Amino acid sequence: MLSCLNIHAHDIDSLKKELGLSSNEQNKADITLLLSYEYRCDSLDQKLAYINDALSIAEKSHYNNGIIKASFALGIYYDRCRNDFDKGIEWYKKSYNAAPNDSTEDKHIALQGIANCYEHKALYDTALIYYKKILLLNIDKEKKMQALGNSGVIYQNIGNYTKALDNYQQAYNLLYEDIVSSGETTTNDTLTLMGLKYQIANIYKEFPDYDRALESYNEIQKLNKDIDFIWFNVVARIGIGDVYLSTNKYDSAIVYYKNVEKLLREGGYKMATQDLSQALNRMATAYFEKKMVDSALYYAKTSLQIAQDNDIITELPKTYLTLGKIYSSKNQYAKAINHLQKCVAMTKRSGATDILSDALIILSTAYKQSGQPVKALAAYQEHVTIRDSIFSRKKLQEMTRIDMQGDFDRKLLEDSLHIAKERTNAELALQRQRLLTYGGLGGVLLLLVLSFLIYRNYNQEKRSNKLITEANIAIKEEKEVSESLLLNILPEEVADELKIKGNVDAQLFDNVTVMFTDFVDFTKVGERLSPKELVQELHTCFKAFDEIIDKYNIEKIKTIGDAYLAVAGLPIPNTNHAVDIIKAATEINSFIKERKKTLGDRGFEVRIGIHSGSVVAGIVGVKKFAYDIWGD
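Position in the sequence shown (from 1) plus 45 gives the number in the working numbering.
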């Protein structure tokens, strides 16, 4: 340790000496930045001082490369040393903007830093925008694969399995094609392929598409034959066991789980205690489904012991749930209640609502059977609340999908109008050509029927001009309809950009105010209305909201179910954004109150949330596009 400190001090002394001897400003900026790298996280003030000095020297000497590097160093400092992700983003962006277009490496690492910061802030949609920007750079396959893999992880975390699968598969194909073209495979290549295939398999399992999941897990085992990396053997076999468990092939599932247990116990793979606890708990579930309760109890207890000994927080609530089921089936309700209460407490902290819902319904039964009706009712009511929230979440996801499909259908209509216009133009051209042809034939007969033909041509031209005029009016009307449809989807400025460029760049708006409304007890009020009345009432309310926000130049973003989202201050910045939103919110609240007086218990009450800050706005998707915002 002492020798390392001496070397470190020697490097600092050497750099300081070199800095003192240098007369070139660009060299001074570079050396000062190198000095900042020598100071670790235990000397943050000195580190920051040297980075700021390097940036100052670079700016004064108009040394752009120095500005790029120092700005990036400040991004790293705030991102990794201070966990100040907003500051990190600010400096990474300055580094990116300073880098010339042909400086691919500088732009790549800056975008990577920005994406990472947004990931840390859980602003996943914004992080994805920057990973997509990375993919547009002229970078090598390895960097593309990394960006695709990172995007896949985000999509998987937010539950967009289709997008996650697409990104993982693209990354896998890139590496596989590279291996085929080079004819060489390194151990690292194989490990990367297996890692990507493992993510793909897990997504198929979640879909569920069990045949493809099984195929992917088996491919992992084939890839692993040469290098025999034990962890991939373990997770692939757990995955296969899970597929068999989900498809009620309990004997096959048990075979694979036992194989995992043997691998881990005999191989002494001590780091995989979580995998062992997981496999044993799922084996207990398989035995329980086979009505082999004693075997189920043995493996569940063993799983619990491993999870407790190694503080495996993720497996404990799952094992408590399994034991609760087993003890309930054996009519040992005191033990069942003990384990289920622990499961409920842990899942409430972690937010694992699916496990919590299952635990509460079994706990309710256990309370009832043990003569505790009040607790049984409370557990059941809580289960219903959690179950409904799970249902609402899934319903919201489905309604969002339908909402975006509606935007897609409107885009299709816009395209069809464009095609109709082209067809009309073609028909007019053909009509003109026919008129010219007929005129030529008339010339041959001119000597015989000159006066008649002049009269006929005159009428024909009148009819043609009328046709053209009517067609032009139709085209104009179609264009106006098309424009109107497009402006219903996008703000005018954004629509103009889309028509001109064919795409829209995402924009950061530093000062906006967002308004989010939803109706109180929407489900309960909705039960008092017929489906047709419910839709009509939503239409009446949202139409009024639309008219109110139009008065204050507020941009409607979307409605999802009974929720209404709007923002002031974009796409055209507006210093009165907060005041405008408050005025609109006040009018909306007054409108709903008046309507409630008229409709009584068949009318809604509204909640309104308002927040000012920065957002990123842009178009999401290509086919199913929508203008949306992201922020804190």
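Ideal placement from N, C-alpha and C gives every residue a C-beta, glycine not left out. For clarity, every value in this text was computed on a predicted model and none was experimentally measured.
Taking the Cα positions, Tyr221 is about 8 Å away from Leu238.
If the five residues before and after Ser635 are omitted, its C-beta is found closer than 8 Å to no C-beta atom of its own chain. Shown here, Gln417 sits in coil according to DSSP, grouped into three states, outside any helix or strand. Between Glu311 and Ala324 the beta-carbon gap is near 14 Å, outside 8 Å, which marks them as no contact. Going by DSSP, Leu610 is part of the beta strand (DSSP E) stretching over Ala608 to Ala613.
With contact defined as three or more Cβ pairs closer than 8 Å, the region 551-565 and the region 606-622 are in contact.
Comparing C-alpha distances from Tyr95 to each of Leu64, Lys641 and Phe554 shows the shortest one belongs to Leu64. Contact annotation: Ile406 and His428 have beta-carbon atoms nearer than 8 Å. Contact annotation: the region 294-309 does not touch the region 262-272, with fewer than three C-beta pairs closer than 8 Å. Taken through DSSP and simplified to helix, strand or coil, Ala662 comes out as strand. For Tyr217, the CB contacts under 6 Å within the same chain, skipping 5 residues up- and downstream, are Leu241 in chain order.
Taking all protein chains in view, the Cβ of Ala404 is crowded by 16 or more other Cβ atoms within 10 Å, so the residue is classified as buried.
Going by DSSP, Phe587 is part of the alpha helix (DSSP H) stretching over Pro576 to Lys596. Cβ neighbours of Lys375 within its own chain (closer than 7 Å, five residues either side excluded): Val338. Asp287 is the residue among Asp287, Ala341, Arg647 and Gly416 whose C-alpha sits nearest the C-alpha of Tyr249.
Apart from sequence neighbours up to five positions away, the residues of its chain that approach Leu119 with a beta-carbon distance below 6 Å are Ile96 and Trp136, ordered along the chain. Non-local C-beta neighbours of Leu368 in its own chain, meaning closer than 6 Å and more than five positions away in sequence, comprise Ala345 and His384, ordered along the chain. Note: Lys601 is bridge-paired with Ala611 in the DSSP secondary-structure output. Separation of the CB atoms of Ser348 and Ser373 is rounded to 18 Å, and the pair is thereby denied contact status at 8 Å.
In the displayed model, Gly194 falls within a helix according to three-state DSSP.
By the neighbour-count definition (other C-beta atoms within 10 Å, threshold 16), Thr171 is a buried residue. When the beta-carbon positions are compared, Gln157 and Ile184 stay at least 8 Å from each other. Between Lys114 and the set Arg125, Ile154 and Cys126, the nearest pair of CA atoms involves Ile154.
Put simply, the backbone Cα of Val570 is about 14 Å away from that of Lys642. Residue pairing by DSSP places His656 opposite Val559 in a beta bridge.
Take Phe590, set aside five residues on each side of it, and the residues of its chain with a beta-carbon closer than 7 Å to its own are Tyr609 and Ile633, in chain order. Closest in C-alpha terms to Asp673, from the list Lys363, Lys588 and Phe554, comes Phe554. DSSP places Tyr169 inside the alpha helix (DSSP H), whose first and last residues are Tyr169 to Leu181.
Taking C-alpha positions only, Glu334 is separated from Lys603 by approximately 45 Å. Between Gly284 and Gln244, the gap from beta carbon to beta carbon reaches 8 Å or more. For secondary structure counted as the alpha helix (DSSP H) over 4 or more consecutive residues, the region 350-433 holds these complete runs in sequence order: 361-374, 378-395 and 398-414.
With a contact defined as Cβ atoms closer than 8 Å, Gly133 and Tyr123 qualify at about 4 Å. When secondary structure is reduced to three states using DSSP, Gly204 falls in the coil class, being assigned neither helix nor strand. Excluding five sequence positions before and after His656, the CB atoms of its chain that fall closer than 6 Å to its own CB belong to Val559, given in chain order. When the beta-carbon positions are compared, Gly194 and Tyr213 come within less than 8 Å of each other. Apart from the 5 residues on each side of it in sequence, Asp646 sits with its Cβ closer than 7 Å to the Cβ of Arg573 in its chain, given in chain order.
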